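Sequence order for the protein chains is A and B. Add 55 to a position in the first sequence, counting from 1, and you land on the number used in my numbering. Add 232 to a position in the second sequence, counting from 1, and you land on the number used in my numbering. Notes follow the structure.
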Amino acid sequence: MTNPPDFEVTAGGAIALQSIAVARKTPRRLFWERLRQDKAALGSAVAIVLLVLIAIAGGPLSQWVTGHPQSQTYDSMTDAYGVPLGPNSHFWFGADSSGRDLFVLTMYGARTSLFVGVVASGFAMLIGLVVGLTAGFFGGIVDTVLSRLGDILLAVPQILIAVGIVAACGVSKSGCLHGLLQPGLTVVIVVITLFSWSYIARIVRGYTLSLREKEFVESARAAGASNFRILWQEILPNLMGPLIVYSTLLIPTNILFEAALSYLGLGVPVTEASWGSLLSQVSSSGLYNVAWWLMLFPGMFLIITTLAFNLLGDGLRDAFDVRSER
Amino acid sequence: MTLYIARRLLWTIVVVFCVIAITFVVFYLLPAGDPALRFAGKNPTTAELMTIRHRLGLDKPWYIQFLRFAWHFFRGDKYGWPGLGYTYASGSSVKALVFARAPRTLFLIAGASVIWLVSGVAIGVLSAVKRRTLVDRLAMGFALFGISTPVFWLGLMALYIVWSKLGLTGGTGYVSPVDSITGFLSHMILPWTVLALLYAAFYARMTRNNLLETLGEDYIRTARAKGLTERRVIFRHGLRASLTPIVTMFGMDVALLVGGAVITESVFNLQGLGYLAINSALQQDLPIVLGVVLLASVAVAVANLLVDILYAFLDPRVRYA
């Protein structure tokens, strides 16, 4: 005779009405409904798609449209003192310090920034997920080691160590650690991953700790499910929301990390354009009182990219109803 | 409480030890070339190189060098205690060099941290109180811009507009307040503002979120029901509880900047600690890098400790056994 309750609390904490008059809403459906109303998040999703297209085709396309190869220097674009000239009808963004077409370089820069940011965040997410799950679910020594390691990583002057590794592995062609770490993009991605996985691991650990005590885990255990099955079938699906949100929010941080390394002259090699290294020319050549275009255009693209990912991350967080942490 | 502090102090020492060990591994096991070669002058003979390696202690395995570093640190060297060793380039005292650069970084952090703490918390409170109004939207828009903007871009733009075009402030470089207090201020105002903006954005977002969460608590309703003024409810009851996580963050952020303000220092050519360390790393003058890393990690560890102790005073619910 017991009627089922007229509502149920889903794993995401949302309450879905189950009475006959009101349609049942799954967490997924709630997510889409909330996201669809968030104009800022949708706008940034569109911007990100455009940026990805630029990253894929923008470089070659701009080269074809303007007829200016990426590494070609133009004497006409620097004055008698070697100072680059600003935008005109042929060079839409002006020239960089050696007289190359800034428009083409900025388009190619999208590739570096997005690639490094997304790939490093992806690796950080994977490592953080595995470590955080293990620590949160099994506790014990793994957990202790993880949180202590986090303490230490937090006290490390990251940018200094990053500079040390990149400088060490970037100078010789053979790389370092017996050729394991190749100079260039690889070492930059490895270094950024090294310093960002613990952030994801801490969040995953926190969620796993509380999910572990939930009734549905208990019932799965009572039904005889193995640890692996509980992790895979019960805990992981409930972690997807926070994991997606925090990985999205990690991407702009890592894009800025790459830009900072390139700004210090240690990021990607000079042959590959990067927004950070374009901006570093302003400093290294002392151009900050002349070449506003060299600051404005790469900077604008950098900010639009990080802004779009941050807005999308915020929107996803609201839509997934993930409790904000900072 | 005493036992707690003692235990934390011990852990602090372990953390500093590990950080130094990591630095050692990175810079000595993955060398970006042979430091001896760099400081040997032109066309050195093998014998000369050997002598230099021996003089710099580079002929020993890295763990011996590490122990030697630790030994000198605790026992002191000819420049007194704590011994940070000698630079490769000139054999001068690393400690003197680090102490000479430290005021620049400390002044930068001090000014910027005051600006970001005050403005960040103020913007956050305003935003939370005026939730869903235009003020809130503008404030959060500013915050989003702040966390999305690279600090070096902001610095370069500020230099271009405020210094180069408007001529309102001093340019790059550092002026000691002992030499000229106005010169010091006019050179520091841009670095302070630029560095503070990024953090102010984070603090504003965090203050707003925390305060909104606190204002939903039962005791806030009780305070309102007692007939307290809204001002008193927000500042006395709401803000105090939402400040604890901000205190944690503030302690850590300030400490991390000791070795981490590299970008700001480099944009404005302040030549502080971070800048010193980066340049030394690129020139393989490893003792200087170690000196700065040591100072930076001590700062972080001490800040961590202070924050935990301060917690007990801010939040009466926290008790250390």
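Note that the Cβ used here is the ideal one computed from N, Cα and C, for glycine as well. Everything numeric in this text was worked out from a predicted model, so none of it was measured.
Q | DSSP bridge partner residues for B/TYR318 (one or two, in chain order) | A | Taking the second sequence and counting its residues from 1, one reaches residue 318 of chain B at position 86. B/TYR318 pairs with B/SER325.
Q. Taking only beta-carbon atoms, is A/ILE214 less than 8 Å away from chain B?
A. As a first step, residue 214 of chain A must be located in the first sequence, where it is residue number 159. Interface residue, yes.
Q: Compare the beta carbon distance of B/MET484 and B/ALA535 with 8 Å and say whether it is the shorter of the two.
A: By one-based count along the second sequence, residue 484 of chain B stands at place 252. By one-based count along the second sequence, residue 535 of chain B stands at place 303. For B/MET484 and B/ALA535, yes; Cβs fall inside 8 Å.
Q: Can you give me the Cβ contacts of B/LEU316 inside the same chain, cut-off strictly under 6 Å, excluding the 5 residues immediately before and after it?
A: Sequence index remark: in the second sequence, residue 316 of chain B carries index 84 (1-based). Only VAL326, LYS327, GLY523 meet the Cβ criterion.
Q: May I ask you to list, following chain order, the residues of the segment 325-351 of chain A that have a beta carbon less than 7 Å from some beta carbon of chain B?
A: Those residues of the segment 325-351 of chain A placed with their C-beta closer than 7 Å to a C-beta in chain B are LEU334, VAL337, SER338, TYR343, ASN344, TRP347, MET350, ordered along the chain.
Q. For a contact meaning CB atoms closer than 8 Å, what does A/THR248 contact in chain B?
A. Counted from its first residue, the first sequence places residue 248 of chain A at position 193. For A/THR248, there are no neighbours in chain B by C-beta distance under 8 Å, as the nearest C-beta there is about 15 Å away.
Q. Once you ignore the five residues that flank A/VAL221 on each side, which residues in its own chain have a CB closer than 7 Å to its CB?
A. Here residue 221 of chain A refers to the residue found at position 166 of the first sequence. Within the same chain, A/VAL221 has close Cβ partners VAL242, VAL243, VAL246, LEU316, LEU321.
Q) In whole angstroms, what is the alpha-carbon distance linking A/ALA256 and A/ASN293? A) Taking the first sequence and counting its residues from 1, the one referred to as residue 256 of chain A is at position 201. Taking the first sequence and counting its residues from 1, the one referred to as residue 293 of chain A is at position 238. Cα-Cα distance, rounded: 15 Å.
Q: Kindly identify the DSSP beta-bridge partner or partners of A/PRO139.
A: One-based indexing of the first sequence puts residue 139 of chain A at position 84. Note: A/PRO139 sits in a beta bridge opposite A/THR133.
Q: Compute the Euclidean distance between the alpha carbons of A/GLY261 and A/GLY191, then round it to the nearest angstrom.
A: By 1-based counting over the first sequence, the position of residue 261 of chain A is 206. By 1-based counting over the first sequence, the position of residue 191 of chain A is 136. For A/GLY261 and A/GLY191, the distance between alpha carbons rounds to 7 Å.
Q | Buried versus exposed, by CB contacts within 10 Å (16 or more), A/PRO212 | A | As a first step, residue 212 of chain A must be located in the first sequence, where it is residue number 157. By the 10 Å Cβ count, A/PRO212 comes out buried.
Q. Are any of the Cβ atoms in chain A nearer than 8 Å to that of B/PRO382?
A. By one-based count along the second sequence, residue 382 of chain B stands at place 150. The beta carbon of B/PRO382 sits closer than 8 Å to some beta carbon of chain A.
Q. What's the gap between the Cα of A/LEU140 and the Cα of A/PHE146?
A. Working through the first sequence from its first residue, we reach residue 140 of chain A at position 85. Working through the first sequence from its first residue, we reach residue 146 of chain A at position 91. Between A/LEU140 and A/PHE146, the C-alpha separation is close to 9 Å.
Q.
Check whether the segment 415-433 of chain B and the segment 374-391 of chain B are in contact - that is, three or more C-beta pairs closer than 8 Å.
A. Taking 8 Å as the limit for Cβ pairs, the verdict is that the segment 374-391 of chain B does touch the segment 415-433 of chain B.
**Q.** In DSSP terms, what A/ALA150 is bridged to
**A.** On the first sequence, position 95 is the one that residue 150 of chain A refers to. Beta-bridge partners assigned by DSSP to A/ALA150: A/ASP156.
Q: Figure out for me which residue from A/TRP348, A/GLY154, A/LEU333, A/GLY331 has the closest Cα to the Cα of A/HIS123.
A: On the first sequence, residue 123 of chain A is found 68 positions in, with the first residue counted as 1. Sorting A/TRP348, A/GLY154, A/LEU333, A/GLY331 by C-alpha distance to the C-alpha of A/HIS123 places A/GLY154 at the top.
Q.
Less than 8 Å between CB atoms is the rule here; does B/SER474 satisfy it with respect to chain A?
A. Start at 1 with the first residue of the second sequence, and residue 474 of chain B comes out as number 242. No, no contact with chain A.
Q. Which chain C residues are close to B/ALA513, counting only those with a beta carbon under 8 Å from its beta carbon?
A. Structure shown: chain C not included; protein chains present are A and B.
**Q.** Test: B/TYR406 CB closer than 8 Å to a CB of chain A
**A.** Here residue 406 of chain B refers to the residue found at position 174 when the second sequence is read from its first residue. It does not: the Cβ of B/TYR406 has no partner Cβ on chain A nearer than 8 Å.
Q.
With distance defined between alpha-carbon atoms, name the residue in B/SER359, B/SER412, B/PRO382 nearest to B/ALA371.
A. Position 139 of the second sequence holds residue 371 of chain B. B/SER359 is the residue among B/SER359, B/SER412, B/PRO382 whose C-alpha sits nearest the C-alpha of B/ALA371.
Q: Using three-state DSSP, classify B/ALA544 as helix, strand or coil.
A: To locate residue 544 of chain B, count along the second sequence from 1; it is residue 312. Of the three classes helix, strand and coil, the one that applies to B/ALA544 here is helix, per DSSP.
Q. Are B/ILE471 and B/LEU444 touching if we call contact CB-CB under 8 Å?
A. As a first step, residue 471 of chain B is located in the second sequence; it is residue number 239 there, counting from the start. As a first step, residue 444 of chain B is located in the second sequence; it is residue number 212 there, counting from the start. This sequence places Leu at residue 471 of chain B; Ile is not what is there. Cβ distance not < 8 Å, so B/LEU471 and B/LEU444 don't count as in contact.
**Q.** B/ALA286 burial status per 10 Å Cβ neighbour count (16 or more: buried)
**A.** Translated into the one-based positions of the second sequence, residue 286 of chain B becomes position 54. At residue 286 of chain B the sequence reads His, which differs from the Ala that was named. So B/HIS286 ends up on the exposed side.
(Q) Please list the terminal residues of the continuous alpha helix (DSSP H) segment that includes A/ARG372. (A) Working through the first sequence from its first residue, we reach residue 372 of chain A at position 317. 347-375 is the extent of the alpha helix (DSSP H) around A/ARG372.
Q) What is the DSSP secondary structure of B/ASP309, counted as helix, strand or coil? A) For the purposes of this step, residue 309 of chain B is identified with residue 77 of the second sequence, where counting begins at 1. Under the three-state reduction of DSSP output, B/ASP309 falls in the strand class.
(Q) Could you check whether B/THR255 and B/VAL521 sit closer than 8 Å to each other, using their CB atoms as the reference points? (A) Indexing the second sequence from 1 puts residue 521 of chain B at position 289. Indexing the second sequence from 1 puts residue 255 of chain B at position 23. In this structure, B/THR255 lies closer than 8 Å to B/VAL521 by Cβ.
Q) At least one CB of chain B closer than 8 Å to the CB of A/GLY98: is that the case? A) Start at 1 with the first residue of the first sequence, and residue 98 of chain A comes out as number 43. Interface flag for A/GLY98 against chain B is unset, since no Cβ pair is found closer than 8 Å.
(Q) Between which residues of its own chain and A/PRO59 is the CB-CB distance below 6 Å, once the five residues before and five after are set aside? (A) Residue 59 of chain A sits at position 4 when you count from the first residue of the first sequence. With a pLDDT of only 48 at A/PRO59, under the threshold of 50, the placement of this residue in the model should not be trusted; the figure read from the coordinates follows. Counting only Cβ-Cβ distances below 6 Å, and skipping sequence neighbours, we find nothing.
Q: Note down, in chain order, every chain B residue with its Cβ under 8 Å from the Cβ of A/LEU319.
A: For the purposes of this step, residue 319 of chain A is taken as residue 264 along the first sequence, with counting starting at 1. For the C-beta of A/LEU319, the chain B residues within less than 8 Å are, from N- to C-terminus, VAL494, ILE495, SER498, ILE510.
Q: Return the chain-ordered list of same chain residues with a C-beta closer than 7 Å to the C-beta of A/MET162, the five sequence neighbours on each side being excluded.
A: In the first sequence, counting from the first residue as 1, residue 162 of chain A sits at position 107. Setting aside the 5 residues that flank it on each side, A/MET162 is surrounded in the same chain by ILE109, GLY113, GLY114, SER117, each with a C-beta closer than 7 Å to its C-beta; the list follows chain order.
Q.
I'd like to know whether the C-beta of B/LEU443 is nearer than 8 Å to at least one C-beta of chain A.
A. In the second sequence, residue 443 of chain B corresponds to position 211, counting from 1. Under the Cβ distance rule, B/LEU443 does not count among the residues neighbouring chain A, no pair being separated by less than 8 Å.
Q: Give the range of the alpha helix (DSSP H) segment to which A/ALA110 is assigned.
A: Position 55 of the first sequence, counting from 1, holds the residue named residue 110 of chain A. That residue, A/ALA110, is in no alpha helix (DSSP H); it is neither H nor E in DSSP.
Q: Give the straight-line distance between the Cα atoms of A/VAL138 and A/ASP151, rounded to the nearest whole angstrom.
A: Numbered from 1 along the first sequence, position 83 holds the residue referred to as residue 138 of chain A. Numbered from 1 along the first sequence, position 96 holds the residue referred to as residue 151 of chain A. Rounded to the nearest angstrom, the two C-alpha atoms are 9 Å apart.
Q. Excluding sequence positions up to five away, which residues of its chain have a Cβ less than 6 Å from the Cβ of B/ALA432?
A. Residue numbering aside, residue 432 of chain B sits at position 200 when the second sequence is read from its first letter. Excluding the 5 residues flanking it on each side, B/ALA432 has same chain C-beta neighbours closer than 6 Å at TRP348, SER351, GLY352, in chain order.
Q: My understanding is that A/GLY7 touches A/VAL259, with C-beta atoms under 8 Å, so please give their C-beta distance in whole angstroms.
A: There is no way to answer for residue 7 of chain A, as the model of chain A reaches only from 56 to 381.
Q. Nearest-angstrom Cα distance between A/THR303 and B/ASN275?
A. The sequence position of residue 303 of chain A within the first sequence is 248, counting from 1. The sequence position of residue 275 of chain B within the second sequence is 43, counting from 1. Looking at the two C-alpha atoms, the distance is approximately 52 Å.
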